[in-house]
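To start, the structure under review is shown below, and the notes come after it.
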Amino acid sequence: MSVINYYEELGISETSSLDDVKKSIKSNRRRYRQLTGSPNIDQRSMAERKMEVIAQAEKVFESEETRQKYDRELENSKQSSEGVPDSTPTNHSNSSYLDSARQAFYSGKKSLAYSYIEEALKINRNDADVWYFKAMISLEDRKLSDAELAISEANRLRPKNADILSLLGDVYCEQNQQKFAIQYYQEAFELSNNSFYLLKKGRSLFLFDQYKQAVKDVRYLYDHYLEENKNNEEYIYYLLSCSYREIGDNEEAYNFARKLVDVSDSLEHKLHYAGILFLKSEDECENYLDTLNERYGNNKDFQQVYFKLLLDITIERMKKAPDTDVEAFFRKYIDRTKYENEAVLDNKARVRIAEAYLAKAQSLGIENKIIDNDFYNEFIENKNYINYATTRHSQGMGCLMFILVFAANWFLSGFFDKFVHSFWISNALSLALLSNIVLYYNYPKGWQINRRKKG
Numbered sequence: 197m198s199v200i201n202y203y204e205e206l207g208i209s210e211t212s213s214l215d216d217v218k219k220s221i222k223s224n225r226r227r228y229r230q231l232t233g234s235p236n237i238d239q240r241s242m243a244e245r246k247m248e249v250i251a252q253a254e255k256v257f258e259s260e261e262t263r264q265k266y267d268r269e270l271e272n273s274k275q276s277s278e279g280v281p282d283s284t285p286t287n288h289s290n291s292s293y294l295d296s297a298r299q300a301f302y303s304g305k306k307s308l309a310y311s312y313i314e315e316a317l318k319i320n321r322n323d324a325d326v327w328y329f330k331a332m333i334s335l336e337d338r339k340l341s342d343a344e345l346a347i348s349e350a351n352r353l354r355p356k357n358a359d360i361l362s363l364l365g366d367v368y369c370e371q372n373q374q375k376f377a378i379q380y381y382q383e384a385f386e387l388s389n390n391s392f393y394l395l396k397k398g399r400s401l402f403l404f405d406q407y408k409q410a411v412k413d414v415r416y417l418y419d420h421y422l423e424e425n426k427n428n429e430e431y432i433y434y435l436l437s438c439s440y441r442e443i444g445d446n447e448e449a450y451n452f453a454r455k456l457v458d459v460s461d462s463l464e465h466k467l468h469y470a471g472i473l474f475l476k477s478e479d480e481c482e483n484y485l486d487t488l489n490e491r492y493g494n495n496k497d498f499q500q501v502y503f504k505l506l507l508d509i510t511i512e513r514m515k516k517a518p519d520t521d522v523e524a525f526f527r528k529y530i531d532r533t534k535y536e537n538e539a540v541l542d543n544k545a546r547v548r549i550a551e552a553y554l555a556k557a558q559s560l561g562i563e564n565k566i567i568d569n570d571f572y573n574e575f576i577e578n579k580n581y582i583n584y585a586t587t588r589h590s591q592g593m594g595c596l597m598f599i600l601v602f603a604a605n606w607f608l609s610g611f612f613d614k615f616v617h618s619f620w621i622s623n624a625l626s627l628a629l630l631s632n633i634v635l636y637y638n639y640p641k642g643w644q645i646n647r648r649k650k651g
């Protein structure tokens, strides 16, 4: 019995890390879940099969142990299947090759499916169904040029067909050709009045950062076509919540995030709701996170989002709390860098930030909320062993050197006028002044030769 190659099904390498495999499972599930509502039987059948494969893959890649067991089975299957002939079409007709291509593709045999499609096209190049199927499997295999050519042929042979226009929109969406993707989704919707195409259009608008238009179209779908889109109800709520958040309407973002977790038990959706809840209330968000922690405390994906949101909550409370003298420096750091690490700081400043950060957390009684996350490790623990160097220059020294060189030039000009004003000496003084300025503004702080440990 052959073993399904989940790596090929997910579109990833067999050497990918387990985390990358799990990310691929999530992204594939999100994509194919909405396609299960497609009015086109080929696309719907493919999506339904993919959802089954993804569910199986999730169990296979649950841990390193289950993955290793699967890898051994896959390798044995590859060896045992060598030399086994594939089934062939019952007759050499165009439709027979197309049926065989479908069967091969749904069995995970992509290469064989391509071969059958090419045979079908040799018999009849004017079959729109064959071109459509070739476009669909080419798109799945990320062969975008082949997909565009095939679906364009299908559109030429069968114009004004909603399924073909929708797949044409899919191809242009993958090619980041926003204008054409949205145009073809809209045409498909107008031709068929099928709201599935309106959902595709809304998704594309969101992906292309047109959040206001995405809200308009998906909200129209929600108000008028929700019942016929029950398969995509979760995705509609998620899309609306994200779109409203992007345009700054946090109240509507919260409302649809609430609807989302009411119909879905997915951890991903719960974490999305927690992020939206943070915009509404830090206290409510913290309480909700604590509830999730009781259930998902050992989940790596949860921990990553959990600690990040706790840090955001902590920072917001720090910003609102009154400053003391020892904490004022940290507030200035928050305002100046907006928590980004791109700021050029010498290592003494980093240690000082760590101390102020800890003092602020202790004064608010929330130190236990920021322990064991990356930011805590960077700002707190690193202060005990961070490599740093003495600062060989400062803003004051730079200004002082500028004044000294200027004064020296003035003094020499007054007493040794002819000598100093010679070409070479004047240029030497100018070069010294310029070098000092360039060195000061470009010499990286904390990167001096005389480095030493401070612990």
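All residue numbers for the sequence shown refer to our numbering, where the first residue is 197 and numbers rise by one. Beta carbons are placed, not taken as given, at the ideal position from N, Cα and C, and that holds for glycine. Quick caveat: nothing in here was measured; it's all calculated off a predicted structure.
A direct Cα-Cα distance of roughly 39 Å separates phenylalanine 474 from serine 241.
Only buried fits asparagine 357, as 16 or more other CB atoms lie within 10 angstroms of its CB.
Sequence-distant Cβ neighbours of leucine 364 in its own chain, meaning closer than 7 Å and more than five residues away, are Ile347, Asn351, Tyr380. Taking C-alpha positions only, asparagine 389 is separated from proline 235 by approximately 11 Å. For arginine 229, the three-state secondary structure derived from DSSP is helix.
Positions of the alpha helix (DSSP H) runs, each at least 4 residues long and wholly inside the segment 395-423, are given as 407-421 in order along the chain.
Between tyrosine 431 and glutamine 230, the gap from beta carbon to beta carbon is short of 8 Å.
Of the residues Gly207, Lys496, Asp359, the one whose Cα lies closest to the Cα of alanine 331 is Asp359. The beta-carbon distance between isoleucine 443 and lysine 408, rounded to whole angstroms, is 6 Å. This is short enough to meet the 8 Å contact definition.
When DSSP states are grouped into helix, strand and coil, lysine 339 belongs to the coil group. For glutamate 314, the closest of Glu386, Asp342, Arg338 by C-alpha to C-alpha distance is Asp342.
Rounded to whole angstroms, glutamate 336 and isoleucine 208 show a C-alpha spacing of 13 Å. Proximity to glycine 233 across Glu423, Pro355, Ser437, Ala309 peaks at Glu423, based on C-alpha coordinates.
Phenylalanine 474: member of the alpha helix (DSSP H) spanning 463-476, first to last residue. Take the alpha-carbon of asparagine 320 and the one of lysine 306: they are about 21 Å apart. Annotated as proximal: alanine 297 and phenylalanine 329, with beta-carbon spacing under 8 Å. Valine 459 and serine 439 do not touch by the CB rule: their CB atoms are close to 18 Å apart, not below 8 Å.
Here asparagine 322 has Leu353 as same chain residues with Cβ atoms under 8 Å from its own Cβ, once five neighbours each way along the sequence are excluded. Between asparagine 428 and aspartate 238, the alpha-carbon positions lie close to 18 Å from each other. Here glutamate 442 carries a helix assignment [DSSP, helix/strand/coil].
Counted as a single uninterrupted DSSP element, the alpha helix (DSSP H) harbouring valine 367 occupies residues 358-370.
By the neighbour-count criterion, in which 16 or more other beta carbons inside 10 Å mark a residue as buried, threonine 211 falls on the exposed side. Per the coordinates, the alpha-carbon of glutamate 478 lies some 47 Å from the alpha-carbon of isoleucine 333. With a threshold of 16 other beta carbon atoms within 10 Å, tyrosine 416 falls short and is exposed.
Contact check for arginine 245 against tyrosine 302 passes: the beta carbons are separated by less than 8 Å. Cysteine 369 and asparagine 446 have their C-alpha atoms some 28 Å from each other. Alanine 453 is positioned such that its CB atom lies no closer than 8 Å to that of leucine 505. Around the C-beta of aspartate 486, fewer than 16 other C-beta atoms lie within 10 Å, and the residue is accordingly described as exposed. For glutamine 382, the enclosing alpha helix (DSSP H) starts and ends at 374-388. Linking lysine 397 to glutamate 383 through their CA atoms gives a straight-line distance of about 10 Å.
For alanine 324, same chain residues with a beta-carbon under 6 Å away, outside a window of 5 residues either side, are Ala350, Leu353, Arg354 in chain order. Apart from sequence neighbours up to five positions away, no residue of its chain approaches lysine 516 with a beta-carbon distance below 7 Å. The closest CA to that of arginine 441, considering only Asp405, Tyr421, Asn425, is found on Asp405.
Around the beta-carbon of lysine 496, fewer than 16 other beta-carbon atoms lie within 10 Å, marking it exposed.
Serine 220 and leucine 206 have their alpha carbons spaced roughly 6 Å apart.
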